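Respectively, the protein sequence lines represent chains G and D.
Following the numbering used here, the numbering of the first sequence begins with 61 at its first residue and continues without gaps.
Following the numbering used here, the numbering of the second sequence begins with 60 at its first residue and continues without gaps.
Note that CB positions come from ideal geometry on N, CA and C, so glycine has one too.
Computed from a prediction, not measured in an experiment: that's the story for all the values here.
Presented below is the structure to which this report refers.
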Amino acid sequence: MREVYQKIFRDNLPHIWCAGCGNGIVMSAFARAYDKLGLDKDKTVGVSGIGCSSRITGYLDLNTLHTAHGRALPFATGVKMTRPEFAVFVFMGDGDCAAIGGNHFIHACRRNMDMTAIIINNYIYGMTGGQFSPLTPFGSKASTAPYGSVDRNFDICSLAIGAGATFVARGDVYHTKQLEKLIIEAHEHKGFSVIEVLSTCPISYGRRNKMPKPMDLMNYIKDVTIAKERADKMTAEEIAGKIVTGVLHQSAAVEYNEAYMAMVEKLEVGKNG
Amino acid sequence: MAKYQVLLNKALCKSCEICVELCPKKVFGRDKTGKAEVVNADNCIGCLICEEHCPDFCIEVREK
Numbered sequence: 061m062r063e064v065y066q067k068i069f070r071d072n073l074p075h076i077w078c079a080g081c082g083n084g085i086v087m088s089a090f091a092r093a094y095d096k097l098g099l100d101k102d103k104t105v106g107v108s109g110i111g112c113s114s115r116i117t118g119y120l121d122l123n124t125l126h127t128a129h130g131r132a133l134p135f136a137t138g139v140k141m142t143r144p145e146f147a148v149f150v151f152m153g154d155g156d157c158a159a160i161g162g163n164h165f166i167h168a169c170r171r172n173m174d175m176t177a178i179i180i181n182n183y184i185y186g187m188t189g190g191q192f193s194p195l196t197p198f199g200s201k202a203s204t205a206p207y208g209s210v211d212r213n214f215d216i217c218s219l220a221i222g223a224g225a226t227f228v229a230r231g232d233v234y235h236t237k238q239l240e241k242l243i244i245e246a247h248e249h250k251g252f253s254v255i256e257v258l259s260t261c262p263i264s265y266g267r268r269n270k271m272p273k274p275m276d277l278m279n280y281i282k283d284v285t286i287a288k289e290r291a292d293k294m295t296a297e298e299i300a301g302k303i304v305t306g307v308l309h310q311s312a313a314v315e316y317n318e319a320y321m322a323m324v325e326k327l328e329v330g331k332n333g
Numbered sequence: 060m061a062k063y064q065v066l067l068n069k070a071l072c073k074s075c076e077i078c079v080e081l082c083p084k085k086v087f088g089r090d091k092t093g094k095a096e097v098v099n100a101d102n103c104i105g106c107l108i109c110e111e112h113c114p115d116f117c118i119e120v121r122e123k
């Protein structure tokens, strides 16, 4: 596996993430999935916004863009628009995607452009000091919610399905094999693919919520998640409080670039005739 | 005779203990500074759980 990492990483490790941070686990799952996909590095673009998770693009030896806060998807849209043959992967954190870039996110889902958005959900704004984000669970403590957050949190997967994304999945950093598989499936799906990855932030989230050790959060993720195949066979009471992982939604819809090029062709025919 | 070799790059280790806790065969322990250390190399069954869960890319499991 070392060979896989050497091929895809820029060789500037150690990374900046804290001890036990899930971002590294997501990055290694991505590296393995990417290797299995067998894509051309020169024809792959990694785009990220701002935040801890967005530093991923700094370690990947692909064409990478580290862009403005919340604006990873608009930049990725531009890339895919001009270079439809490129594979585009977008890395975002929960705050980056759901708060600052919330509007861009729903419209990217609606447009259905062929790219993969990986949302690393560590439940908190890690880099700026542990403020609560739109994905911080109700009642969890944060630096701006010292007695527990009273904001209801988004279910980003339901939001993506509602906004029209054609592939929506949820993975986590405990089940790395599943995560790897989901990244491959998401890339192979034609259209806008969203993967929410439940991740760990022991420093900003764990310490404030009685899970100070990296393993506490890993165990929390292990206990709270349940695979979709199993959840489908259970009653609503049995899965109450659990988070369902796996491919949650897959549908077919017209892809944006194809629709755009079809329109161009139609107009050109009209002009010549 | 152990079939696998566990290589550890301590320079990258940040002492998160994920490998120590997740290894089903207790291959890892901690050294004086808290960093991971291979203590039972012969027990390794090559499941790669440590390698896939290490956030800092320290561990490599090789078939001998």
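Discussion item. Classify S193(G): buried if its beta carbon has 16 or more other beta carbons within 10 angstroms, exposed otherwise.
Written reply: By the C-beta density criterion, S193(G) is buried, having at least 16 other C-beta atoms within 10 angstroms.
Worksheet item: Just reading off the beta strand (DSSP E) that R230(G) is part of, what are its end residues?
Response: Counting along the chain, the beta strand (DSSP E) containing R230(G) begins and ends at F227 to D232.
Discussion item. Quick check on this structure: which residue in I286(G), T104(G), P206(G) and F149(G) has the alpha carbon closest to the alpha carbon of I299(G)?
Written reply: Closest in C-alpha terms to I299(G), from the list I286(G), T104(G), P206(G) and F149(G), comes I286(G).
Worksheet item: Listing by chain order, which chain D residues have their CB less than 8 Å from the CB of Y65(G)?
Response: Within 8 Å Cβ-Cβ: F116.
Item to complete: Identify which residue in G109(G), V139(G) and N72(G) has its Cα closest to the Cα of N317(G).
Response: Of G109(G), V139(G) and N72(G), the residue nearest in Cα terms is V139(G).
Worksheet entry | Span separating the alpha-carbon of G109(G) from that of G155(G) | Cα to Cα, the separation comes out at about 10 Å.
Practice prompt. Could you list the residues in the segment 88-116 of chain D with a C-beta less than 9 Å from some C-beta on chain G, going in chain order?
Written response: Residues of the segment 88-116 of chain D with a Cβ closer than 9 Å to any Cβ of chain G, in chain order: L107, I108, E110, E111, H112, C113, P114, D115 and F116.
Worksheet item: Which residue from K237(G), A246(G) and V210(G) puts its Cα closest to that of T226(G)?
Response: Ranking K237(G), A246(G) and V210(G) by Cα distance to T226(G) puts A246(G) first.
Practice prompt. With distances taken Cα to Cα, identify the nearest neighbour of E256(G) among T204(G), K282(G), L219(G) and K250(G).
Written response: With distances taken between Cα atoms, E256(G) lies closest to L219(G).
Discussion item. For a test of the three-state rule: what should DSSP assign to M278(G), helix, strand or coil?
Written reply: If DSSP states are grouped into helix, strand and coil, M278(G) belongs with the helices.
Worksheet item: Applying a beta-carbon distance threshold of less than 8 Å, which residues of chain G neighbour L71(D)?
Response: L73 and P74, listed in chain order.
Fill in: DSSP beta-bridge partners of T176(G)
Looking at the DSSP assignment, T176(G) forms a beta bridge with F149(G) and S253(G).
Item to complete: May I have the straight-line CA-CA distance separating Y265(G) from D283(G), to the nearest angstrom?
Response: Cα to Cα, Y265(G) sits roughly 17 Å from D283(G).
Fill in: CB contact check: C81(G) to chain D, cutoff 8 Å
Taking Cβ atoms only, chain D reaches closer than 8 Å to C81(G), which makes this a yes.
Worksheet entry | Three or more C-beta pairs below 8 Å linking the segment 168-176 of chain G and the segment 186-203 of chain G | Segments in contact, no.
Worksheet item: How should A322(G) be labelled, buried or exposed, when 16 other C-beta atoms within 10 angstroms of its C-beta is the threshold for buried?
Response: So A322(G) ends up on the exposed side.
Worksheet item: Residues of chain G with a CB under 9 Å from the CB of E76(D): which are they?
Response: Within chain G, the residues near E76(D) are A79, G80, K273, P274 and M275.
Discussion item. Let's see if you can read the secondary structure: which residues bound the alpha helix (DSSP H) around I243(G)?
Written reply: Per DSSP, the unbroken alpha helix (DSSP H) holding I243(G) starts and ends at T236 to E248.
Worksheet item: Any idea what DSSP makes of T137(G), helix, strand or coil?
Response: Of the three classes helix, strand and coil, the one that applies to T137(G) here is helix, per DSSP.
Discussion item. Using the Cβ count rule (16 or more neighbours within 10 Å means buried), how would you classify I76(G)?
Written reply: Around the beta carbon of I76(G), fewer than 16 other beta carbons lie within 10 angstroms, which makes this residue exposed.
Fill in: Other residues of its chain near A159(G): CB distance less than 8 Å, five sequence neighbours each side excluded
So the list reads G130, S193 and P194, once near-sequence residues are dropped.
Worksheet item: To which residues of the same chain is Y207(G) closer than 8 Å at the C-beta, ignoring the five residues directly before and after it?
Response: Here the set comprises K201.
Discussion item. Can you check which of these residues, L73(G), P274(G) and L308(G), is closest to R290(G) by C-alpha distance?
Written reply: Checked all of L73(G), P274(G) and L308(G); the closest Cα to R290(G) is L308(G).
Fill in: Secondary structure of T285(G), DSSP reduced to three states
The answer is strand: DSSP assigns T285(G) an E or B state.
Worksheet item: What's the C-alpha gap between L97(G) and Y65(G)?
Response: Looking at the backbone, the Cα of L97(G) and that of Y65(G) are separated by about 14 Å.
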